[in-house]
Every structure is written in structure tokens, then in C-alpha cells.
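Have a look at the structure below, then the notes.
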Amino acid sequence: MSIEAINEQLLRAIGVGVALLGRKTLQFHFHNDTFEEWFGNPNGPATLQDIFSDFDVEELNKSLNETGRYTTEVKFKKKRRTMVIALDFTATEEREPEIAVLVCQNITRIRELESMIDSYSMMVERNTREIKREKEQVEKLLLNLMPRSVYEEYKTFGVVTPQLYEPVSVLMLDFVGFSETVTALDPSVTVTELNDIYSSFDRIGEQFGCERIKTIGDAYITVAGLPDPTPDHARAAANAAIRFIRYLERRNASHPHQWQCRIGLGVGSVVGSVVGIQKYVYDIFGPAVNHATRLQSFSEPMQISVQDEMARALSEQFELENMGVQSISGLPDQPVWRLLDNRKGIAASV
Amino acid sequence: MSDRTLFEKYGGFASVSKVVLAFYDTLLDSDEIGPFFDDVDMSRMVDHQTKFISSLLGGPASYTDVQLRQFHRNLDITNAHFDELKVVLEETLANHGFEPEDIQTALDAIEARRELIVD
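Chains as they are written, first to last, in UniProt numbering: chain A, 1 to 350; chain B, 1 to 119.
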């Protein structure tokens, strides 16, 4: 077999479609088996347009003249499968008659794979967005349970080391006759009311640098001087306490449901930590919490009772009434002070 | 982790992609089911199969029952078509080294949705 014959055999058997066309006429001079399998047999004087009906001949000629090459894609259905074939034309040089070599590659699989990657990456991206959203929600939830610095520690190390904070001021608030209120009101009304009030307390506390620790039913505990120490923690807690009462008074004036509270302010050290493994909660313990709790129950409705040590720190800026030495259950006998809202005195004199 | 999905067990998308393409080829060649895809655009068809196989194996796709019913509405899919699809899927998974137990899990998952697909 001659070299020419072998070449022709190779050209016919190769998995790439090959055809030779007259450069000017675009008539087929030769095509191999693969070409015929894809596009049929260009019998007789068939031209490019006969085989590819929508072919942009103008573009082909322009490109061949300028660069000697032209590349495009054709799609067709074979049975029901969409076939995508890349057509690559090259003009031969310095030969008469001028011919164009057409090489056709089957890129169906590449296109199918591209579609599959598109499909898959879109699914993954959507999932990633969902996971991110969920993560943000979890973060938001956890930030409601613990101070941000504690959350950051928890996120980084998976545990929170209990910390001693000293000194801090603890504000404990409890509603008067809450049990009666709960039985009298519709449960959803109670929850809506509490939610509204606690949210306002949170906002007020935040203004003065108090961090809400938790609510247990009708008890609301917030603390100043934690997690970041502040020298004026006593003032922050006192300011928040006075605003809580003012807020409730204003609210009671315009709302059908009346809420009366008692507040206790204690000062001292506390330990703050995340408690629990599955159902964890950030909590604080210590003498300051104990003082605030006891003083709260000692308070008259809409009054604020203050621990002696704290009253001394507040005496310069706040109006305090000396209640004398009191015996309060769970605490040794000690002087107790009542924190007054000095703005009320001004208001009364106007 | 004991609750990993088949998608993870068989090597994630790197392996599952081969199952998708094989399944796609077989579906197109099938004279029973193939005609349903006569007029479906290639990228949509590939997208559909990618999501179908991924969700079936517990990958990052999932269809609600309402969606499945909506997609297959008015297609005149019979029980015979549905059975044929199961056969094609079973063969494809077996050809890609899936264990019989896992193939059965996948087939059960499809069977559970028969009523949503068949008219």
C-alpha cells in the first residue's frame, strides 16, 4: 500500500470529521467517514450551504481572507441527542485551486459536562447561601444568650472559661402580681406584652452599657461592668433602673394592661459562664446577684432598693433616701437605700 | 459518621457525575423513556438528570413533592415507563459499583414517589 493510500485510510477512519472544500465554490471535494456519519454524504456538487443550511458564508469568507481560519459550532439532533460539533476551517496557501480544510470535532460531551457543572455549582452555591443564612441565624440566637466576647471565645475554643468579674452592678427586676396577671390575660397577650417590655428594657440597658443576662418569666436581670469592666457600672445600672420605671409609667398611661415592678440593685463580684452542654445558657452567679435579688423582693412597687455600698458610689449624682438598717431574708442586717428619680422632683415643682 | 449519604459514600460529585452522564446516555437511547426528552433542550436535560441523581443519593439537591408533581404533570407517564426508569437506574448504579443494598435504597426512594410521577 502506498503512503498516499495509507494516509487516505487514516483520514477516513479517524474519529474527527474531515472535509476538503473549494475555497471559492465551497463545494465538497473530499469528506471522511466520520463527517458522513454526522452530516450525511455531500453527494455530487454539494456545497457547504447544502449541508449546513444556516451557515454564515459571509463571515467564513471574511475570516478566511483575513486570518486564514474560521471556527464555529453547529448543533443538530442525532436521534434525540443534541450533538455539538466544532467546525474549524483553514485556508491552504499557495495552491491552485485554493481549498479550505474543514476539521470537525465532536464537543457534545464537553458541552454536556459544562451543563452538568453549571447545574451542580448552582445547587452548591444555593446550599452555601442557605448554610450561611442559617449560620447567621444561629449566631444571632447565640448572641442573645451571651455577650459577644463570650460568644467569640465559645466559637474559637468550643468552651467558655468561667470568668470572675469584679466589681459589677446587677439590676434585678420583677413584676408585681405577675401570677395574677398571667391568669387574667390571654397567654399570647402576656407573651406579647413581656416581649414588648423586655425589648424596651434591652434598648434602654444598651444605652447605658448594661448587658441583659437573662429573663426568667417575669424576672429580668441585667448587669453593668461585664464583660468589659467599666468604672461607672453603678451609675449605669442606676440610670437603667430609673429609666425602666419611667418607661413602665409612661407605658401604663397609654396601655390597657398595667405593669408594676420592683427593682433591686446590688454590687460586688460575679462569675460569668456558659452553663450546660446541650442546652447551654450564659449565666452569672455571686454576691452581687444575691444582693440584687433580695433587695428586689424588699422593694415596694415601682421602687428601686439599693445596697449600701452601691448607694455610696451613687450619692453624688443621684437622689437617695436612707431606709435605715433593714433585716432582709437571706442577707445580714444592713442599711438599705431607695433610689429616687430626681427628674420627678423637678417635674412636680414645674 | 454513620449517617453519611450515598452521595458522600460513593465519592461525592467527582464520582456521581459519571453516574449522571451514564444515566443520561441510557435514557436518551431508551425507546421507552427517551421520547419524553425528544424536545427537551440539552442543558435542561442535563440539569434535570444532575439534580435527579444528586437528590436521589442525598446530594445537594432536593425536590419537594409539590415540585415533582408539577414537573411531571400532563406527561402521560405510565407505570410501565416508571418501571423502565427504575430498571435503567438500577443498571446504571450497578455498573458504577453501587452495592445491592444501596441500589435498593435508591430504588425505594423512587418507588415512594411513584404516585407523584405517574399520571
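Just so it is clear, CB atoms sit at the ideal spot from N, CA and C, and this is done for glycine as well.
This one's a predicted model, so the numbers in the text were calculated from it and none came from an experiment.
The Cβ atoms of Phe98 of chain B and Ile53 of chain B do not sit closer than 8 Å to each other.
Look at Leu171 of chain A here: in three-state DSSP terms it is strand.
Annotation note: the UniProt domain "Guanylate cyclase" (169-296) of chain A contains the following uninterrupted beta strand (DSSP E) runs of length 3 or greater, listed N- to C-terminal: 210-216, 219-224, 261-275 and 281-285. Ala61 of chain B and Thr161 of chain A have their C-alpha atoms roughly 40 Å apart.
Taking 9 Å as the upper bound on Cβ-Cβ separation, chain B lies near residues Arg111, Glu112, Leu113, Glu114, Ser115, Met116, Ile117, Asp118, Ser119, Tyr120, Met122, Met123 and Val124 of the segment 111-124 of chain A.
Asp88 of chain A has A:Thr71 and A:Val103 as its beta-bridge partners, per DSSP.
Between the C-alpha atoms of Thr34 of chain A and Asp29 of chain B there is a straight-line separation of about 20 Å. In the DSSP assignment, Gln326 of chain A is bridged to A:Gln334. In this structure, Leu102 of chain A lies near Ala19 of chain A, with their beta-carbon atoms less than 8 Å apart. Going by DSSP, Ile304 of chain A is part of no alpha helix (DSSP H) but of the beta strand (DSSP E) stretching over Ile304 to Gln307. When rounded, the separation of the alpha-carbon atoms in Met146 of chain A and Glu211 of chain A is 9 Å.
Short of 7 Å from the beta carbon of Val182 of chain A, and not among the five residues preceding or following it, lie these beta carbons of its own chain, in chain order: Thr190. The beta-carbon of Leu75 of chain B is placed no less than 8 Å from the nearest beta-carbon of chain A.
A check of alpha carbon separations from Met302 of chain A across A:Gly266, A:Glu206 and A:Leu248 identifies A:Leu248 as the nearest. Nearest in C-alpha terms to Phe13 of chain B, of all of B:Met42, B:Leu57 and B:Lys86, is B:Leu57. Rounded to the nearest angstrom, the gap between the Cα atoms of Gly44 of chain A and Phe89 of chain A is 21 Å.
Apart from the 5 residues on each side of it in sequence, Thr92 of chain B sits with its Cβ closer than 7 Å to the Cβ of Val19, Ala22, Phe23 and Thr26 in its chain, given in chain order. Two segments are said to touch when three or more pairs of C-beta atoms, one from each, lie closer than 8 Å; by this definition the segment 312-324 of chain A touches the segment 233-240 of chain A. The DSSP-derived three-state label of Gln137 of chain A is helix. By the rule that beta-carbons nearer than 8 Å mark a contact, Asn239 of chain A does not touch chain B. In this structure, the straight-line span from the alpha carbon of Gly330 of chain A to that of Arg294 of chain A is close to 7 Å. When Cβ-Cβ separations below 8 Å define contact, Lys18 of chain B makes no contact with chain A. Contact note: Arg81 of chain A reaches chain B through Leu28, using a C-beta cutoff of 7 Å and chain order. Taking a contact as a CB-CB distance under 8 Å, the pair Pro227 of chain A and Ser149 of chain A counts as one, their CB atoms being some 5 Å apart. Just so you know, the alpha carbons of Asn252 of chain A and Tyr220 of chain A end up roughly 18 Å apart.
If you compare the alpha carbons of B:Gly11, B:Ile117, B:Met45 and B:Ala109 with that of Ala80 of chain B, the shortest gap goes to B:Ile117. Contact between Leu11 of chain A and Asn32 of chain A holds, since their C-beta atoms are separated by about 5 Å, short of 8 Å. Around Gly58 of chain B, no beta-carbon contact reaches into chain A at under 8 Å, the shortest distance being about 12 Å.
The C-beta of Ala61 of chain B comes closer than 8 Å to at least one C-beta of chain A. With its beta carbon less than 8 Å from one in chain A, Val46 of chain B belongs to the interface. Tyr154 of chain A and Val271 of chain A have their C-alpha atoms some 16 Å from each other. The secondary-structure analysis by DSSP pairs Gly158 of chain A with nothing; it has no beta-bridge partner. Assignment of Lys24 of chain A by DSSP, reduced to helix, strand and coil, places it in the coil class. Each of A:Val267, A:Ile110, A:Arg343 and A:Gly286 was checked against the Cα of Ala311 of chain A, and the nearest Cα belongs to A:Val267. At a C-beta separation below 9 Å, Ser54 of chain B has these neighbours in chain A: Ser119, Tyr120 and Met123.
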